[in-house]
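S.K.: If you use full-length UniProt numbering, the sequence shown corresponds to residues 1 to 354, in order. This structure is in structure tokens; I'll ask about it shortly.
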Amino acid sequence: MGDISQTLKEQILQAGKSGQKLNIEGGGTKAFMGRAADTDAGTLKLGEHTGIVEYHPVELIMTARAGTPLAEIEATLAEEGQCLHFEPPRFGEGSTLGGTLACNVSGPARPWSGSVRDQVLGIRLLNGKGEHLRFGGQVMKNVAGYDTSRLQAGAMGTLGAITEISLKVMPKPAMSLTLVQDMALDDVIHYINSRAKEPKPITGAAWVDGKVYLRLAGARSAVEATAEKWSGDVTEQGDAFWQQLQHMQHDFFAGDEPLWRFSVGSTAGNPELDGPWLIDWAGSQRWYRGEADITRMETMAQRAGGQVSLFRGGDRTDEVMHNQPRALKELQSRLKKSFDPDGIFNPGRLYSWL
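Below, the structure is given as structure tokens:
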């Protein structure tokens with residue numbers, strides 16, 4: 001794999017000399033995210049930079065190259081009864097670990113188990129100068145450069161090409177079951193927040209198509225005791241529902257209508273928009289399908305204490321991420337200049353001005 005790293009480094013150095021831009025590509029399953037890629041740019045391919053470098057089941061730590069498919073990582077962990085607790089979505093068989101961090105995507109357990117950003121211990125990164133840098137380490141006590149590792153979450157490759165990631169893994173829960181019951185949208189926010197506040201083994205709270213789903217996972221005694229106390233019927237389709245939600249394969253996500261993602265306060269009232277909704281993360285993540293003006297959507301999101309993005313579909317040549325305050329724009333611009341002084345990586349992918 002050293003030869004691949006050297007090849008990537010040489011391509012970056014050549015791009016810097018010639019003034020060429022580079023679109024970073026892993027498995028290609030998240031190409032729909034962010035703004036449209038620069039069609040005049042070259043491609044820096046990390047899809048062949050694969051393989052698990054180290055795995056220590058007892059220490060709950062794994063290090064893998066960025067192009068390693070999530071399916072391979074999860075299969076290896078499953079052999080030891082372990083998993084990625086942040087439940088990364090797979091938008092195809094080619095979904096990679098590096099793309100998951102770069103796009104900062106996590107599944108239904110996010111409020112209870114943390115995000116991919118929370119699990120990262122360290123990374124290796126090729127910056128715009130072709131330097132192969134290491135940040136962080138394999139233990140939580142190693143804080144040198146730790147925040148730099150986390151900066152890559154959601155940067156969509158604009159700060160450099162991630163080549164290697166060390167992260168925490170966790171044991172699979174002993175038992176899991178799902179309670180489901182009918183509930184109106186107007187009632188669900190209060191209900192799922194009241195349940196989420198209880199000291200119970202809840203790892204999922206979602207609403208779609210007039211039904212609320214609560215997932216309980218952990219020690220058998222705790223799961224069974226909670227299921228007896230709470231309302232709702234145990235569904236045999238629970239695992240299938242959460243997998244569909246995790247990988248965005250539920251019928252709600254099908255079709256070409258623009259898909260908007262609201263990240264808001266969990267107790268905030270739902271934005272007044274006619275059209276289909278799906279609520280996840282106990283109210284903190286809300287999906288809406290339909291044509292809408294991004295300025296109006298941003299106003300609604302701010303009233304709900306959060307932000308909105310055009311996650312998929314719609315006009316990808318315009319801004320698709322929530323507009324940032326001036327101070328944050330200046331900070332992001334300085335970070336970009338520090339990591340990628342010639343602006344080589346993923347130009348305009350996150351914002352038109354970055």
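Each residue gets a CB set at the ideal place from its N, CA and C atoms; glycine is no exception.
Does DSSP put Ala-144 in a helix, in a strand, or in coil?
M.R.: Here residue 144 corresponds to residue number 144 of the sequence shown, with the count starting at 1. Unreliable positioning characterises Ala-144 in this predicted model, as indicated by a pLDDT of 43, which lies under 50. The coordinate reading is nonetheless provided below. Coil.
S.K.: Please check the pair Leu-179 and Ala-217, which I expect to be a contact at CB under 8 Å, by giving their CB distance rounded to whole angstroms.
M.R.: As a first step, residue 179 is located in the sequence shown; it is residue number 179 there, counting from the start. As a first step, residue 217 is located in the sequence shown; it is residue number 217 there, counting from the start. With 8 Å as the limit, Leu-179 and Ala-217 do not qualify as a contact, their Cβ atoms being about 12 Å apart.
S.K.: Answer with buried or exposed for Pro-173, where buried requires no fewer than 16 other C-beta atoms within 10 angstroms of its C-beta.
M.R.: Within the sequence shown, the letter at position 173 stands for residue 173. Result: buried.
S.K.: Comparing alpha-carbon positions, which option in Gly-42, Ser-263, Gln-249, Gln-181 lies nearest Gly-232?
M.R.: On the sequence shown, residue 232 is found 232 positions in, with the first residue counted as 1. It is Gln-181 whose Cα lies nearest to the Cα of Gly-232.
S.K.: Would you mind listing the alpha helix (DSSP H) stretches within the region 242 to 274 that are 4+ residues and don't spill past its ends, in chain order?
M.R.: Fully enclosed alpha helix (DSSP H) runs of 4 or longer: not present.
S.K.: In terms of DSSP beta bridges, what is Glu-25 paired with?
M.R.: Counted from its first residue, the sequence shown places residue 25 at position 25. For Glu-25, which the question treats as bridged, DSSP gives the partners Lys-45.
S.K.: Under three-state DSSP, which class holds Trp-112?
M.R.: Numbered from 1 along the sequence shown, position 112 holds the residue referred to as residue 112. Helix.
S.K.: Report the start-end ranges of each beta strand (DSSP E) in the region 194 to 249 that is 3 residues or longer and not cut off at the edges.
M.R.: Listed in chain order, the complete beta strand (DSSP E) runs (minimum 3 residues) inside the region 194 to 249 are 202 to 208, 211 to 218.
S.K.: Taking the DSSP output, what are the residues bridged to Met-170?
M.R.: Indexing the sequence shown from 1 puts residue 170 at position 170. DSSP lists Cys-83 as partners of Met-170.
S.K.: State the DSSP-derived secondary structure class of Asp-182, mapped to helix, strand or coil.
M.R.: Translated into positions along the sequence shown, residue 182 becomes position 182. Note: Asp-182 maps to strand in three-state DSSP.
S.K.: Just list the residues that DSSP pairs Phe-135 with in beta bridges.
M.R.: Numbered from 1 along the sequence shown, position 135 holds the residue referred to as residue 135. BP columns for Phe-135 point to Ile-123.
S.K.: Which two residues bound the contiguous alpha helix (DSSP H) that contains Glu-54?
M.R.: Taking the sequence shown and counting its residues from 1, the one referred to as residue 54 is at position 54. Not the alpha helix (DSSP H): Glu-54 falls in the beta strand (DSSP E), residues 52 to 56.
S.K.: Is it the case that the Cβ atoms of Arg-117 and Gly-154 are separated by a distance below 9 Å?
M.R.: Position 117 of the sequence shown, counting from 1, holds the residue named residue 117. Position 154 of the sequence shown, counting from 1, holds the residue named residue 154. For Arg-117 and Gly-154, yes; Cβs fall inside 9 Å.
S.K.: Please determine, among Leu-350, Ser-309, Met-170, Pro-341, the residue with the shortest C-alpha to C-alpha distance to Lys-329.
M.R.: Position 329 of the sequence shown, counting from 1, holds the residue named residue 329. Of the candidates Leu-350, Ser-309, Met-170, Pro-341, the one whose C-alpha sits nearest the C-alpha of Lys-329 is Leu-350.
S.K.: With DSSP collapsed to three states, give me the class of Glu-59.
M.R.: In the sequence shown, counting from the first residue as 1, residue 59 sits at position 59. DSSP places Glu-59 in coil when its eight states are reduced to three.
S.K.: Shortest alpha-carbon distance to Ala-66 belongs to which of Leu-177, Leu-84, Gly-47?
M.R.: Translated into positions along the sequence shown, residue 66 becomes position 66. Ranking Leu-177, Leu-84, Gly-47 by Cα distance to Ala-66 puts Gly-47 first.
S.K.: Per the DSSP calculation, Ala-161 is bridged to which residue(s)?
M.R.: Within the sequence shown, the letter at position 161 stands for residue 161. DSSP, once it has assigned bridges, lists Leu-126 as partnering Ala-161.
S.K.: Cutting at 7 Å between CB atoms, please list the residues of its own chain near Pro-347, excluding the five before and the five after it.
M.R.: Start at 1 with the first residue of the sequence shown, and residue 347 comes out as number 347. Once the five neighbours on either side are set aside, the close Cβ partners of Pro-347 are Lys-21, Asp-38, Ala-41.
S.K.: Measure how close the beta-carbons of Glu-319 and Val-308 come, nearest whole angstrom, since I'm counting them as under 8 Å.
M.R.: Against the sequence shown, residue 319 aligns to sequence position 319. Against the sequence shown, residue 308 aligns to sequence position 308. Going by Cβ atoms, the distance from Glu-319 to Val-308 rounds to 11 Å, so no, they are not a contact pair.
S.K.: With contact counted as at least three CB pairs below 8 Å, one residue from each stretch, are the region 280 to 291 and the region 247 to 259 in contact?
M.R.: Yes, they touch.
S.K.: Give a yes or no on whether the C-beta atoms belonging to Pro-201 and Cys-83 are separated by under 9 Å.
M.R.: Against the sequence shown, residue 201 aligns to sequence position 201. Against the sequence shown, residue 83 aligns to sequence position 83. Cβ atoms of Pro-201 and Cys-83: not closer than 9 Å.
S.K.: For the beta strand (DSSP E) containing Ile-279, name the first residue and the last one.
M.R.: Taking the sequence shown and counting its residues from 1, the one referred to as residue 279 is at position 279. Counting along the chain, the beta strand (DSSP E) containing Ile-279 begins and ends at 277 to 280.
S.K.: Which of the three DSSP states is assigned to Phe-339 in this structure?
M.R.: What you label residue 339 is simply residue 339 of the sequence shown in a count that begins at 1. Correct three-state label for Phe-339: helix.
S.K.: When we look at the beta-carbon of Phe-32 and count the other beta-carbons within 10 Å, is it buried (16 or more) or exposed?
M.R.: Counting from 1 along the sequence shown, the entry for residue 32 is found at position 32. Exposed.
S.K.: Give the straight-line distance between the Cα atoms of Gln-14 and Lys-129, rounded to the nearest whole angstrom.
M.R.: Residue numbering aside, residue 14 sits at position 14 when the sequence shown is read from its first letter. Residue numbering aside, residue 129 sits at position 129 when the sequence shown is read from its first letter. Taking the straight line from one Cα to the other gives about 10 Å.
S.K.: With a CB to CB cut of under 6 Å and the five nearest residues on each side skipped, what residues in its chain are close to Val-208?
M.R.: The sequence position of residue 208 within the sequence shown is 208, counting from 1. Once the five neighbours on either side are set aside, the close Cβ partners of Val-208 are Phe-252, Leu-278.
S.K.: Spell out a yes or no on whether the region 99 to 119 and the region 73 to 80 are touching, meaning 3 or more CB-CB pairs, one atom from each, closer than 8 Å.
M.R.: No contact exists between the region 99 to 119 and the region 73 to 80.
S.K.: Across which residues does DSSP place Val-308 in a beta bridge pair?
M.R.: Within the sequence shown, the letter at position 308 stands for residue 308. In DSSP, Val-308 forms a bridge with Phe-262.
S.K.: Among Pro-69, Lys-229, Ile-61, which residue has its Cα nearest to the Cα of Gly-26?
M.R.: Indexing the sequence shown from 1 puts residue 26 at position 26. Of the listed residues, the one whose Cα sits closest to Gly-26 is Pro-69.
S.K.: How many angstroms separate the CA atom of Asp-239 from the CA atom of Phe-135?
M.R.: Taking the sequence shown and counting its residues from 1, the one referred to as residue 239 is at position 239. Taking the sequence shown and counting its residues from 1, the one referred to as residue 135 is at position 135. The straight-line gap from Cα to Cα measures roughly 36 Å.
S.K.: Per DSSP, which one or two residues make a beta bridge with Gln-285?
M.R.: Numbered from 1 along the sequence shown, position 285 holds the residue referred to as residue 285. DSSP lists Ser-263, Asp-280 as partners of Gln-285.
S.K.: Which same chain residues, not among the five before or five after Ser-176, have their C-beta less than 6 Å away from its C-beta?
M.R.: Position 176 of the sequence shown, counting from 1, holds the residue named residue 176. Counting only Cβ-Cβ distances below 6 Å, and skipping sequence neighbours, we find Ala-217.
S.K.: Mapping the DSSP letters down to three states, classify Met-300 as helix, strand or coil.
M.R.: The residue given as residue 300 occupies position 300 in the sequence shown. Three-state DSSP puts Met-300 in a helix.
S.K.: Inspect the beta-carbon positions of Leu-185 and Gly-210 and report whether they are closer than 9 Å.
M.R.: Residue mapping note: residue 185 aligns to position 185 of the sequence shown, counting from 1. Residue mapping note: residue 210 aligns to position 210 of the sequence shown, counting from 1. Cβ distance < 9 Å, so Leu-185 and Gly-210 count as in contact.
S.K.: Please go through the same chain and pick out, in chain order, the residues whose beta-carbon is closer than 8 Å to the beta-carbon of Ile-4, but skip the five residues on each side of it.
M.R.: Within the sequence shown, numbered from 1, the residue matching residue 4 stands at position 4. Excluding sequence neighbours, Ile-4 sits near Glu-48, His-49.
S.K.: Would you call the CB atoms of Ile-123 and Ile-165 closer than 9 Å?
M.R.: Working through the sequence shown from its first residue, we reach residue 123 at position 123. Working through the sequence shown from its first residue, we reach residue 165 at position 165. Going by C-beta atoms, Ile-123 is nearer than 9 Å to Ile-165.
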